[in-house]
Amino acid sequence: PPPEWDWRSKGAVTKVKDQGMCGSCWAFSVTGNVEGQWFLKRGSLLSLSEQELLDCDKVDKACLGGLPSNAYSAIRTLGGLETEDDYSYHGHLQACSFSADKAKVYINDSVELSQNELKLAAWLAKKGPISVAINAFGMQFYRHGISHPLRPLCSPWLIDHAVLLVGYGNRSATPFWAIKNSWGTDWGEEGYYYLHRGSGACGVNIMASSAVVD
Amino acid sequence: APNEPRAAGAQAWELESPELLEPARFALEMYNRGRAARTRAALRVVRGRVRRAGRGSLYSLKATLVEPPCNDPTVCQLRVSKKTLLCSFEVLDELGKHMLLRQDCGPVDSKITGAGIPRDAGIAQVRLPSGVSPDSSLFQLSPPDDKNETFSSFLPLLNKDPLPQDFSVKMVSIFKDFVTTYNRTYETTEEARWRMSVFANNMVRAQKIQALDRGTARYGVTKFSDLTEEEFRTIYLNPLLKEEPGKRMRLAQSIPDL
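Top line first, the protein sequences correspond to chains W and X. By the working numbering, the letter at position 32 of the first sequence is numbered 818, and the numbering carries on one by one without gaps. By the working numbering, the letter at position 219 of the second sequence is numbered 260, and the numbering carries on one by one without gaps.
The following block contains the structure:
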């Protein structure tokens, strides 16, 4: 893969959002990935609706959590995603009010990606931002810099947060993943989290996935 | 390194107790570490489940421990002196090597206060300097003298007991800054006091996380600093990710050499 990559500078990433007091990170991770896939295939960057997934994805559990793999499947079953403007975020479960004729984006499939971080970097550089899930150890107090907790403290067995890989690179010889979080811009580095790359830190390589837009 | 857990394919199985005994015994050993024989807690009941993937197994245990009667007054007041404890443990068994990933114990009959957290859940109670009570006047913003984001300057003070005067004063000042920066409002003085003790405890936690990080990250005050770990985990995180396998997806082709 190229030595570094950042989809933010290529227009494939929408602004940082805020899930509020709701465990809906899974929806933000998936919409961020679909936004990137749609941008790469159709050339337009649309901010997509997480609330639609909270309300209409009946397999997942809205604010109590969910899984990206179920969410991709729900998007296909529903017939696509509406935009954030058309189906705005409220941070709690509501009755589903999705209408297919307002869907602006659809997906054809979803895939699980390699657990090899080098292959993940190559895939990201070629195919776009990646939905991942990590152990959120220490993120409650994270302010900036590249996080690299000791493995037992940030075990890949205790994954509890879904986010979006938007790029990678090195900062003074420390390799990192650039991660878009969904806790607002007043957390971390303007809403972003930087995690050590190449050591399987916090299970970043365990649950990488993406939607497919033909 | 042994195979990574493939969360997507891993199932969690409820276990009969015999298989739980080994991980439970390990967790109890970790819990009692450093204690003299007669002061060790005993395991009364354990139940749990295991998630297997690759060559590892992750045991999620719920155990009831019984603390021995406390007859050393200098110790009793420090440690949670409740007799029966309800603990949750996460024990990882990789290639026969056990590792305690998480331990969370609380008295069974804890009195729940405020934001639903046991009053005596071992939170460091921050003593306010005499004559200062966390009422509205307390929070007139006077930015703390040190803007150092990880407050390493005050930590050595923590080891003294009772906490020295300047620790509390510094803590109040930092907490005021937090309240104003993140526009916090608390309904009662009691809630404000409780939140400040959580805040103080979290600063110690952030300092420990800082000390154990091998990267370039900086940890300190964030907008979540007045939440207990339990509140933060419950509100903002998504434990389903490790518990449920989710739909199987096909594996993407790797990118041919660019």
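Note that beta-carbon positions come from the ideal geometry of N, C-alpha and C, so glycine has one too.
Proximal residues of chain W, C-beta to C-beta of residue i below 8 Å
| i | result |
| --- | --- |
| X/E232 | Result: empty, since nearest Cβ-Cβ is about 17 Å, beyond 8 Å. |
| X/R74 | The premise fails here: X/R74 is roughly 15 Å from chain W at the closest Cβ pair, so nothing lies under 8 Å. |
| X/F273 | Q926 |
| X/S238 | Residues of chain W passing the Cβ test: none, with the nearest at roughly 16 Å. |
Buried or exposed (CB count within 10 angstroms, at least 16 for buried), residue i
| i | result |
| --- | --- |
| W/M925 | buried |
| X/T226 | exposed |
| X/T230 | exposed |
| W/H982 | buried |
| W/S996 | buried |
| W/G865 | exposed |
| W/S830 | exposed |
| X/M290 | buried |
| W/L834 | buried |
| W/L936 | exposed |
| W/S810 | buried |
| W/A919 | buried |
| X/R236 | buried |
| W/S896 | buried |
| X/A78 | exposed |
| X/G287 | buried |
| X/M294 | Checking the sequence, you will find Gln at residue 294 of chain X rather than Met. Under this definition X/Q294 is an exposed residue. |
| W/E836 | buried |
| X/T125 | exposed |
| W/T863 | exposed |
| X/S194 | Caution is warranted here: a pLDDT of 41 is assigned to X/S194, below 50, making its placement in the model unreliable, and the coordinate value is therefore given only provisionally. When all chains shown are included, X/S194 counts as exposed. |
| X/A252 | exposed |
| X/P59 | exposed |
| X/E70 | exposed |
| W/D848 | Note that residue 848 of chain W is Ala in the sequence shown, not Asp. Buried, since its Cβ has 16 or more Cβ neighbours within 10 Å. |
| W/R828 | exposed |
| X/V167 | Unreliable positioning characterises X/V167 in this predicted model, as indicated by a pLDDT of 32, which lies under 50. The coordinate reading is nonetheless provided below. X/V167 is buried by the Cβ-count criterion. |
Amino acids of chain X, ordered along the chain, whose beta-carbon sits closer than 7 Å to that of residue i
| i | result |
| --- | --- |
| W/I861 | Here the premise fails: no neighbours, minimum Cβ distance about 12 Å. |
| W/R929 | E190, R259, Y260, G261, T263 |
| W/S972 | Reading the sequence as shown, one finds Asp at residue 972 of chain W and not Ser. The contacting residues are K264. |
| W/L939 | L253 |
| W/I916 | Here the premise fails: no neighbours, minimum Cβ distance about 10 Å. |
| W/S885 | The premise fails here: W/S885 is roughly 25 Å from chain X at the closest Cβ pair, so nothing lies under 7 Å. |
| W/A922 | L278 |
For residue i: DSSP bridge partner residues
| i | result |
| --- | --- |
| X/A104 | X/V87, X/C128 |
| W/W963 | W/Y954, W/L981 |
| X/R93 | X/S98 |
| W/A948 | W/A919 |
| W/Y928 | X/Y260 |
| W/W969 | W/D804 |
| W/A860 | None, per the DSSP bridge assignment. |
| X/M140 | X/L133 |
| X/P64 | In the DSSP output, where bridge partners are listed per residue, X/P64 has none listed. |
| X/P148 | X/L126 |
| X/R291 | W/V897 |
| W/L867 | W/V891 |
| W/V998 | W/D895 |
| W/E975 | W/Y978 |
| W/S933 | W/L981 |
Near the ligand GDP: residue i beta-carbon under 6 Å from a heavy atom
| i | result |
| --- | --- |
| X/I250 | Absent from the structure shown: the ligand GDP. Ligands present: none. |
Interface residues of chain X facing residue i [CB-CB closer than 8 Å]
| i | result |
| --- | --- |
| W/Q837 | Within chain X, no residue comes near W/Q837; the closest Cβ sits about 17 Å away, beyond 8 Å. |
| W/K847 | L281 |
Interface residues of chain X facing residue i [CB-CB closer than 9 Å]
| i | result |
| --- | --- |
| W/G851 | L278, N279, P280, L281, L282, E284, E285 |
| W/S833 | What W/S833 touches in chain X: nothing, since even the nearest Cβ is about 21 Å away. |
| W/P935 | I250, L253, D254, R255, G256, A258 |
| W/I965 | Here the premise fails: no neighbours, minimum Cβ distance about 12 Å. |
| W/A919 | A48, N279, L282, K283 |
Amino acids of chain W, ordered along the chain, whose beta-carbon sits closer than 9 Å to that of residue i
| i | result |
| --- | --- |
| X/R291 | D895, S896, V897, E898 |
| X/L99 | S941, W943, L944 |
Residues that residue i contacts on chain W, provided the C-beta gap is smaller than 7 Å
| i | result |
| --- | --- |
| X/A247 | F927 |
| X/K288 | S855, N856, S859 |
Contact list for the region 942-960 of chain W against chain X, Cβ threshold 8 Å: Those would be P942, W943, L944, I945, D946, H947, A948, R957, S958, T960, in chain order.
For the region 812-829 of chain W, which residues have a beta carbon sitting closer than 9 Å to at least one beta carbon of chain X? Flagged, chain order: W812.
Cβ-based contacts, 7 Å cut-off: residues of the region 894-914 of chain W near chain X: Of all residues in the region 894-914 of chain W, S896, V897, E898, L899, S900, Q901, K905, A908, W909, K912 have a Cβ within less than 7 Å of some Cβ in chain X.
If the cut-off is 8 Å on Cβ atoms, which residues from the region 118-148 of chain X count as contacting chain W, listed in chain order? If you check each beta-carbon in the region 118-148 of chain X against every beta-carbon of chain W, the ones closer than 8 Å belong to E131, L133, M140, L142, R143.
Cβ contact check for the region 806-823 of chain W and the region 942-951 of chain W: 3 or more pairs under 8 Å: Cβ pair count under 8 Å is three or more, so yes.
Taking a cut of 9 Å between CB atoms, which residues from the region 862-878 of chain W lie near chain X? Identification of residues in the region 862-878 of chain W having a C-beta nearer than 9 Å to some C-beta of chain X yields an empty set.
Of all the residues that make up the region 795-811 of chain W, which are near chain X by a beta-carbon distance shorter than 7 Å? Within the region 795-811 of chain W, contact with chain X at the beta-carbon level (separation under 7 Å) is assigned to M807, G809, C811.
contact_flag[the region 849-859 of chain W, the region 274-283 of chain X] where n(CB pairs < 8 Å) is 3 or more: Inter-segment contact for the region 849-859 of chain W and the region 274-283 of chain X is present: three or more beta-carbon pairs are separated by less than 8 Å.
With three or more beta-carbon pairs closer than 8 Å as the criterion, would you say the region 893-913 of chain W touches the region 90-104 of chain X? Taking 8 Å as the limit for Cβ pairs, the verdict is that the region 90-104 of chain X does not touch the region 893-913 of chain W.
If contact is defined by three or more beta carbon pairs under 8 Å, each pair taking one atom from either stretch, is the region 927-934 of chain W in contact with the region 255-264 of chain X? Yes, since at least three Cβ pairs between the region 255-264 of chain X and the region 927-934 of chain W fall closer than 8 Å, the two stretches touch.
Would the region 787-801 of chain W count as touching the region 955-967 of chain W if we require 3 or more Cβ pairs under 8 Å? When C-beta atoms of the region 787-801 of chain W are compared with those of the region 955-967 of chain W, three or more pairs fall below 8 Å, so the two segments count as touching.
Spell out a yes or no on whether the region 959-967 of chain W and the region 870-890 of chain W are touching, meaning 3 or more CB-CB pairs, one atom from each, closer than 8 Å. In short, these stretches do not touch, since the Cβ pair count stays below three.
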